[in-house]
Amino acid sequence: MTSPDGRVLVVNAGSSSVKYQLLQSDSGEVLAKGLIEQIGESSGGKHRHTVAGTDNTRTGEIGDMTTALASMAAAFADFGPDLDAEPPMAVGGGVVHGGTRFSATTRITAATTDAIRDLIPLAPLHNPANLAGIEAALAQFPDVPQFAVFDTAFHSTLPAAAYTYAVPKVWREDYHVRRYGFHGTSHHYVSARVSALMGRADLATIVLHLGNGCSACAVLDGESVETSMGMTPLEGLVMGTRCGDIDPAVPFHLARTEGLDVDQLDTALNKQSGLLGLTGDNDFRTIAERAAAGDREAQAAIDVVVHRLVKYVGAYAAVLGRLDAIAFAGGIGEHNAALRAAVLGRLGILGVEVDAAANEGADAEALLTTPASRVAAFVIPTNEELQIARECLEHLERP
Ligand code: ADP
């Protein structure tokens, strides 16, 4: 089946919110988008539906995911585009964890939802909400083909040497303990854009997705070969509130000496660490402003972030065996020129030669390096919704 117009509705359901977009997947045009927040809160929910630059806002209690998606359908009926007259070709839902079971975008069937449910122990915070979104979307659009797009799937090509943790056999074989990696939809989209911009598929690229969550990915000839997030999104780079890499013995030390329990340790490392732990702020913009005003704590945090990034890029260049390109994505990567300059300025050893003016002026897809630079660096605004939409249509056309 070939799409006459390629419209796809992408629904990303979180624990208390839903983001959606109706996209034209060939051009990437966003026909409508919306955000439903504070789902399940008795104080009331908020729903914003945006069409042609106009926000339509509703408030009122939104008890659960089914009510949220009914509110989404009502907003399309009231404010357009009319999905009854022109249903989308597909509905795509992001799912955080696909375990080893899902290595590609998958059509939603009863077996798929059962398998996503079975993966809940690996992603207890994310998969239940993703699944609730899928089930509510199925109820809302029973006649439209639906797909799950997994944030781990792009990393299914990691070689065993990269995904294996050196832990007891029973952990690896029976408890599914290994690196899975996340942000795969973004790393896939960004690395494919680098290929398109460079006009080559045979590239060794490092993608740095730097948002609230941050991860690095080494991509060789279009395939992920190493990535910094692990069994969960806690490992790797310094993030908004997550610590990234630490000695795994730190929690044992604090359990023994301070009596912290598992939930306290989990909360501290996932929600009170990273930029927040280092500075009291988790928003990089605020930290950059503080540093620019001479705040030493903020500058020291940025130094930690930059050091970690430089360390990862160096290691990934060695893993790749060569380096053609580095791409920055995510809110911080796309918007903070000073951070990009600080990282790229330390990569001369790899042959990176920054074009300072290009880096400073970059506000969309942009090349950041000089013609003489051996490695090209780019800003690539990520577009996970478009990647999801395109994967749904590809699957429709070639199941
Ligand atoms: P998420 O990972 O939740 O999708 P984003 O990709 O939007 O989040 O990234 C959020 C981060 O990007 C925050 O630290 C925010 O401060 C930072 N950010 C967003 N806009 C800017 C900007 N103009 N300058 C610097 N940092 C920015």
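Using our numbering, count along the sequence shown one by one with no gaps and you end on 707.
Even for Gly, the Cβ is constructed at its ideal location relative to N, Cα and C.
Can you list, in chain order, the residues of its chain whose CB lies under 7 Å from that of residue i, leaving out five sequence neighbours each side?
i: M309; result: Here M309 scores only 37 on pLDDT, less than 50, and its place in the model is too uncertain to base an answer on.
i: L658; result: A625, L631, V683
i: A670; result: A645, L676, V687
i: P476; result: none
i: I428; result: N435, P436
i: A557; result: none
i: D553; result: E543, G544
i: T358; result: A340, K341, G342
i: I696; result: V318, G400, G402, V457, T493
i: A440; result: A321, M373
i: V502; result: L511, T513, A633, A635, F686, I688
Of the residues the options, which one's Cα is nearest the Cα of residue i?
i: T374; options: A321, L628, P679; result: A321
i: A360; options: R409, A645, L330, G353; result: L330
i: G401; options: E702, S411, D451, A456; result: A456
i: R409; options: V399, T421, A398; result: T421
i: G371; options: T362, C700, G388, G352; result: G352
i: H517; options: R508, G548, M506, A504; result: G548
i: V316; options: Q454, L505, V651, L427; result: Q454
i: D363; options: T587, F636, G388, L542; result: G388
i: A340; options: R654, S333, F384; result: F384
i: Y488; options: T472, Y328, F449, R564; result: T472
i: E668; options: N520, G656, T594, A650; result: A650
i: K619; options: T565, D591, R654; result: R654
i: C522; options: S681, T540, F449; result: T540
i: A482; options: N438, L430, G519, V527; result: Reading off the sequence shown, one finds Asp at residue 482, where the question assumed Ala. Here the closest residue by C-alpha is L430.
i: H355; options: G336, A376, S335; result: A376
i: A469; options: W479, V478, R486; result: R486
i: G492; options: I595, T465, P707, G602; result: T465
i: L446; options: L694, C551, A672, I416; result: I416
i: L295; options: H615, G629, A601, N520; result: What the structure shows of the chain is the stretch from 309 to 707, and residue 295 is not part of that stretch, so it cannot be assessed.
i: S323; options: A606, P432, G368, S411; result: P432
i: T513; options: H615, D603, F636, D555; result: F636
i: I442; options: V527, G538, K327; result: K327
i: T678; options: S411, A672, V660; result: V660
Based on DSSP bridge pairs, tell me the residues matched to residue i.
i: T535; result: C525
i: F490; result: DSSP, once it has assigned bridges, lists no residue as partnering F490.
i: F370; result: Inspection of the sequence shows that residue 370 is occupied by Ile rather than by Phe. DSSP output for I370 lists no bridge partner at all.
i: D319; result: Before going further, note that residue 319 is Val rather than Asp in the sequence given. V319 pairs with Y328, G401.
i: A685; result: I634
i: T414; result: A456
i: T708; result: Since the first residue of the chain shown is 309 and the last is 707, residue 708 is not available in this structure.
i: E345; result: K354
i: A340; result: L330
i: N364; result: H357
i: A512; result: L528
Whose C-beta lies closer than 6 Å to the C-beta of residue i among residues of the same chain, with five residues either side of it excluded?
i: C525; result: H495, V515, S532, T535
i: S311; result: For S311, the predicted structure reports a pLDDT of 43, less than 50, and the residue's modelled location is therefore unreliable. A value from the coordinates is still provided. Cβ neighbours of S311 beyond the five flanking positions: M397, L701.
i: T413; result: F455, V457, E699, H703
i: L617; result: V651
i: E349; result: none
i: D510; result: D529
i: V338; result: Q329, L331
i: D571; result: none
i: Q270; result: Lying outside 309 to 707, the shown extent of the chain, residue 270 is not represented and no answer is given.
By Cβ distance below 8 Å, which residues in the same chain neighbour residue i in space, the five residues on each side in sequence not counted?
i: V452; result: L317, P395, P396, M397, A398, V399
i: D569; result: A563
i: S325; result: L343, I344, E345, Q346, I347
i: M506; result: D632, A633, A684
### Query
So does the region 614-630 actually touch the region 569-584, counting three or more Cβ pairs closer than 8 Å?
no
### Message
Taking 8 Å as the cut-off, does the region 391-408 touch the region 458-473 (at least 3 CB pairs, one atom from each stretch)?
### Response
yes
### Task
Spell out a yes or no on whether the region 637-656 and the region 685-697 are touching, meaning 3 or more CB-CB pairs, one atom from each, closer than 8 Å.
yes
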